[in-house]
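Remarks on the structure that follows.
Residue numbers (the working numbering), protein chains in the order written: chain A, 1 to 170; chain B, 1001 to 1191.
So this is what it looks like as structure tokens:
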């Protein structure tokens, strides 16, 4: 743990609202999720990121099914368009879904499918300060590949930054 | 940076073009796997008071999931939201049925005794045989559940129903019907 704190100069924690998109997602209600993220600055306007998330999407099927859940771990590259460490940024990510379960109604019954799979994501956001508190309002599109299919979702989140050090030190 | 973003967008666009969700794709995989291992015949045999009953169905997977000669189907227990599995066999000598009181059928033993109440098990030569008195029972062992098919063995002690009446049924000698050497093989499980 001490090694992790030494390397990661900043972290983030987020709660977000999400929506599954794509084929056969009409039965899904809005989902919710959370992540923690380590940030590794590589330049004044860019960071490498490591993110562990947990997302849940309940099925709106009258209580028969349970929904879908994903636990992705991703690495990303966050780049601020204005050359500083605040403002609008873009962030492509790639990773692996270490646990996923999704429900399907089969012949009137709920059936759970457990899977893993690669994860790709693209996001954009706006990092700003309220007083001395940095906040990050962001929008992500994420897709998980497994067994020849994909699950896709959009997330809108507000991220709280946890500071372990200063960017200038790196 | 532009190349990185462009690559990400291409990957996301291509992935979004996949027609199937993960659940749909996995369901298709399971169906394909089941079809690949489809048995040529399903059988159920047992001996009832010394008389052997043999049933077999060719190409059992082609049966209707809701109307079959020999199969096991997952259904809702009447009046509840609980699921059960019902193993049924219809033959010229009569009907045989056993209810697995579980919503997730697995390899193992499933025992029903008369302590839990009356339970119809089979009809043989126009006589219905029940688990009726506390010492009656029917025991099923599922020894294999693979690719959507179950196999195993069973035995039981039952009581014949002489006549169905209102308000009370009339039963014969308690425990006078013995089911022995019961076996079933490659019975399809329908969802």
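Even for Gly, the Cβ is constructed at its ideal location relative to N, Cα and C. These numbers were taken from a predicted model, which means no experiment stands behind them.
Does the contact criterion of 3 or more C-beta pairs under 8 Å hold for the segment 1154-1167 of chain B versus the segment 1022-1030 of chain B? no
When you compare the CB positions of residue 1182 of chain B and residue 1155 of chain B, do they come within less than 9 Å of one another, or not? Within the second chain, residue 1182 of chain B is the residue found at index 182, counting from 1. Within the second chain, residue 1155 of chain B is the residue found at index 155, counting from 1. Result yes, Cβ atoms of residue 1182 of chain B and residue 1155 of chain B sit closer than 9 Å.
Using a cut-off of 9 Å between C-beta atoms, extract the partners of residue 102 of chain A located in chain B. What you label residue 102 of chain A is simply residue 102 of the first chain in a count that begins at 1. Per Cβ cutoff of 9 Å: 1021, 1022, 1023 and 1026.
For a contact meaning CB atoms closer than 7 Å, what does residue 146 of chain A contact in chain B? As a first step, residue 146 of chain A must be located in the first chain, where it is residue number 146. Here the neighbours are 1022.
Output the boundary residues of the beta strand (DSSP E) element that contains residue 1242 of chain B. Nothing can be reported for residue 1242 of chain B: it is not among the residues displayed for chain B, which extend from 1001 to 1191.
Tell me, to the nearest whole angstrom, how far the beta carbon of residue 70 of chain A is from that of residue 100 of chain A; I am working on the premise that it is less than 8 Å. Taking the first residue of the first chain as position 1, residue 70 of chain A is located at position 70. Taking the first residue of the first chain as position 1, residue 100 of chain A is located at position 100. About 5 Å; that satisfies the 8 Å criterion.
Could you list which residues in chain B have their beta carbon closer than 8 Å to that of residue 23 of chain A, in chain order? The residue you call residue 23 of chain A lines up with position 23 of the first chain. Per Cβ cutoff of 8 Å: 1019, 1020, 1021 and 1024.
Looking at chain A, which residues of the segment 1089-1101 of chain B have a Cβ within less than 7 Å of any of its Cβ atoms? Those would be none; no residue qualifies.
On the three-state DSSP scale, how would you describe residue 1168 of chain B? For the purposes of this step, residue 1168 of chain B is taken as residue 168 along the second chain, with counting starting at 1. Of the three classes helix, strand and coil, the one that applies to residue 1168 of chain B here is coil, per DSSP.
What did DSSP end up calling residue 1027 of chain B once you bin it into helix, strand or coil? For the purposes of this step, residue 1027 of chain B is identified with residue 27 of the second chain, where counting begins at 1. The answer is helix: DSSP assigns residue 1027 of chain B an H, G or I state.
Partners in chain B for residue 151 of chain A, counting only beta-carbon separations shorter than 9 Å: Taking the first chain and counting its residues from 1, one reaches residue 151 of chain A at position 151. Annotation: Cβ neighbours of residue 151 of chain A in chain B (cutoff 9 Å, chain order): 1021, 1022 and 1023.
If we call anything under 9 Å between Cβ atoms a contact, is residue 54 of chain A one with residue 91 of chain A? For the purposes of this step, residue 54 of chain A is taken as the residue at position 54 of the first chain. For the purposes of this step, residue 91 of chain A is taken as the residue at position 91 of the first chain. No. Outside cutoff.
Contact list for residue 115 of chain A against chain B, beta-carbon separation under 8 Å: One-based indexing of the first chain puts residue 115 of chain A at position 115. Neighbours of residue 115 of chain A on chain B, chain order: 1022 and 1026.
For a test of the three-state rule: what should DSSP assign to residue 1114 of chain B, helix, strand or coil? Numbered from 1 along the second chain, position 114 holds the residue referred to as residue 1114 of chain B. Three-state DSSP puts residue 1114 of chain B in a helix.
Distance, Cα to Cα, residue 50 of chain A vs residue 44 of chain A? In the first chain, counting from the first residue as 1, residue 50 of chain A sits at position 50. In the first chain, counting from the first residue as 1, residue 44 of chain A sits at position 44. Whole-angstrom Cα-Cα distance: 18 Å.
Determine, using beta carbons only, whether residue 149 of chain A and residue 1022 of chain B come nearer to each other than 9 Å. On the first chain, position 149 is the one that residue 149 of chain A refers to. On the second chain, position 22 is the one that residue 1022 of chain B refers to. Their beta carbons are under 9 Å apart, which means residue 149 of chain A touches residue 1022 of chain B by this criterion.
Chain A within 9 Å of residue 1191 of chain B, Cβ atoms only: Residue mapping note: residue 1191 of chain B aligns to position 191 of the second chain, counting from 1. Chain A, which has a Cβ nearer than 9 Å to the Cβ of residue 1191 of chain B, makes this yes.
Separation of residue 1189 of chain B from residue 1058 of chain B, as counted between CA atoms: Against the second chain, residue 1058 of chain B aligns to sequence position 58. Against the second chain, residue 1189 of chain B aligns to sequence position 189. Each residue's alpha carbon lies about 15 Å from the other.
Looking at chain A, is there any beta carbon in it that lies within less than 9 Å of the beta carbon of residue 1029 of chain B? By one-based count along the second chain, residue 1029 of chain B stands at place 29. Chain A contact via Cβ: present.
What does the alpha-carbon distance come out to for the pair residue 139 of chain A and residue 1081 of chain B? Locating residue 139 of chain A in the first chain gives position 139, where the first residue counts as 1. Locating residue 1081 of chain B in the second chain gives position 81, where the first residue counts as 1. Each residue's alpha carbon lies about 40 Å from the other.
Residue range of the unbroken beta strand (DSSP E) whose run includes residue 145 of chain A: Translated into the one-based positions of the first chain, residue 145 of chain A becomes position 145. Start and end: 133-146.
Answer with yes or no whether the minimum CB distance from residue 68 of chain A to chain B is below 9 Å. What you label residue 68 of chain A is simply residue 68 of the first chain in a count that begins at 1. By this cut-off, residue 68 of chain A is an interface position.
Output yes if chain B places a C-beta closer than 9 Å to the C-beta of residue 210 of chain A; else output no. As shown, chain A starts at 1 and ends at 170. That puts residue 210 of chain A outside it, with no answer to give.
In chain order, what residues of the same chain lie with their CB nearer than 8 Å to the CB of residue 80 of chain A, ignoring the 5 residues before and after it? Looking up residue 80 of chain A in the first chain gives position 80. Only 45, 46, 86, 87, 88, 89 and 127 meet the Cβ criterion.
Is it right to say residue 1134 of chain B is buried, meaning 16 or more other beta carbons lie within 10 angstroms of its own, or is it exposed? By one-based count along the second chain, residue 1134 of chain B stands at place 134. Under this definition residue 1134 of chain B is an exposed residue.
Within 10 angstroms of the Cβ of residue 1115 of chain B, are there 16 or more other Cβ atoms? Answer buried if so, exposed if not. Position 115 of the second chain, counted from the first residue, corresponds to residue 1115 of chain B. So residue 1115 of chain B ends up on the exposed side.
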